[in-house]
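Residue numbering for the sequence shown follows this note's numbering, beginning at -8 and increasing consecutively.
Here a beta-carbon is modelled for each residue, glycine too, at the ideal position from N, C-alpha and C.
Taking it in order: structure first as structure tokens, then the write-up.
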Amino acid sequence: MAGLYEGSMHPGNEDQGRSGGVVKNLLRQVPGLVYAVRCSRSFIPSLLACSRTLFNLLRVFIRDLAFNESVMCFAESYLRRYYAYHTSRLWEGVDARPEWFDHRADLYRWAELRVPSWVERGVFSREVMFQGCRVLDLCCGDGFYPYYFYSGTASQIDAVDRDPTAIIHARKWHGHPTIRYVQQDLIADEFPDTDYDVITWDGAIEHFSLDEIRQVLQKCVKAMKTPYGVLNGHTIVARDSGKSHPDHQHEFCSAEELKNLLRLHSIPTDCEGMTKPLRVKF
């Protein structure tokens, strides 16, 4: 009874014995844990180094897979075919032709067509500009020329067009901090500003009637307040029969006709031919 009573008076002795055994077992495992930690310290850097090596190998593989001559040829071919399809889809019907043109078709099909006139237009306009000049681009269309040819030189470019789809396209694909695309009518609305160094009217003067051309020229003279203001552009010469575009309202018969019109507005003229006899630079 004494033994039973003594045992019942100390019920925690058995639990203490068990906990003591657990502690002893943990203490026995400490050296193993320390060894595992030491191993992990050397294993993690090795794992990271291996991961970096695999990543570099994968990057080289993707680069060689994506950036090679075969892929480049495919990309060029795709762009040529896409813009050939896109252009024919928009321009195959005479009555369905838009008044503005996506000149990326000229850029990506240059190797196929080898027609330099679209480059000459940009170069001729760029030649009369100087660093920091203020430019007004009339009938900017897709914004290709302000973006690729003028934005690297001009400090401010106001590019205007009356077609909302052209302005949306220009802002999306040819936006630049120096370019402000404005939708407005050249006849009904005033120019965005009143003081420009260069005004470009490139490939668009023929879309206006003779009376409208006179009105725009008057506005150009007022807007070029600097003593060295320049009006620059190019236009086609009228064919013997029929117009080259259904929306053309006045196609000049010769460079002399254009010169005479410019002289009437006190604009010094320097008209000259381009590479094609049916185009005139003014």
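Excluding the 5 residues flanking it on each side, D186 has same chain C-beta neighbours closer than 6 Å at K216, in chain order. By the criterion of at least three beta-carbon pairs nearer than 8 Å, the region 160 to 170 is not in contact with the region 189 to 206. In this chain, Q206 is not harboured by any beta strand (DSSP E); it is covered by the alpha helix (DSSP H) spanning L201 to A214. Going by beta carbons, D152 and C131 fall inside the 8 Å limit.
Around the beta-carbon of Y76, fewer than 16 other beta-carbon atoms lie within 10 Å, marking it exposed.
Cα atoms of G113 and Y74: separation of roughly 20 Å, rounded to the nearest angstrom. Taking all protein chains in view, the Cβ of C64 is surrounded by fewer than 16 other Cβ atoms within 10 Å, so the residue is classified as exposed. Taking 8 Å as the upper bound for CB-CB distance, I148 and V119 are not in contact here, some 14 Å apart.
CA-to-CA, the gap between V62 and P36 works out to about 37 Å. Taking the Cα of I258 as reference, the smallest distance to any Cα among R230, Q209, R50 and T226 is reached at Q209. Taking the Cα positions, R162 is about 34 Å away from K250.
Here G143 is exposed, its C-beta having fewer than 16 other C-beta atoms within 10 Å. For A96, the uninterrupted alpha helix (DSSP H) segment begins and ends at R95 to Y99.
Residue state for G166 is assigned as coil, using DSSP reduced to three classes.
Taken through DSSP and simplified to helix, strand or coil, V119 comes out as coil.
Distances from the alpha-carbon of V228 to those of E242, Y219, E67 and L177 put E242 closest. Counting other Cβ atoms within 10 Å of its Cβ, Y141 reaches 16 or more and is therefore classed as buried. About 13 Å separates the CB atoms of H94 and W82; that is not less than 8 Å, and the two are not in contact. In the three-state reduction of the DSSP assignment, W91 falls in the coil class. Partner residues in the beta bridge of V228, as assigned by DSSP, are F243. Per DSSP, reduced to three states, the secondary structure at D186 is coil, with no helix or strand assignment. Short of 6 Å from the beta carbon of Y172, and not among the five residues preceding or following it, lie these beta carbons of its own chain, in chain order: A150, I158, A161 and R162. From the listed residues A57, A102 and F92, the smallest Cα separation to S68 is found for A102.
Assigned with DSSP and collapsed to three states, I148 falls in strand.
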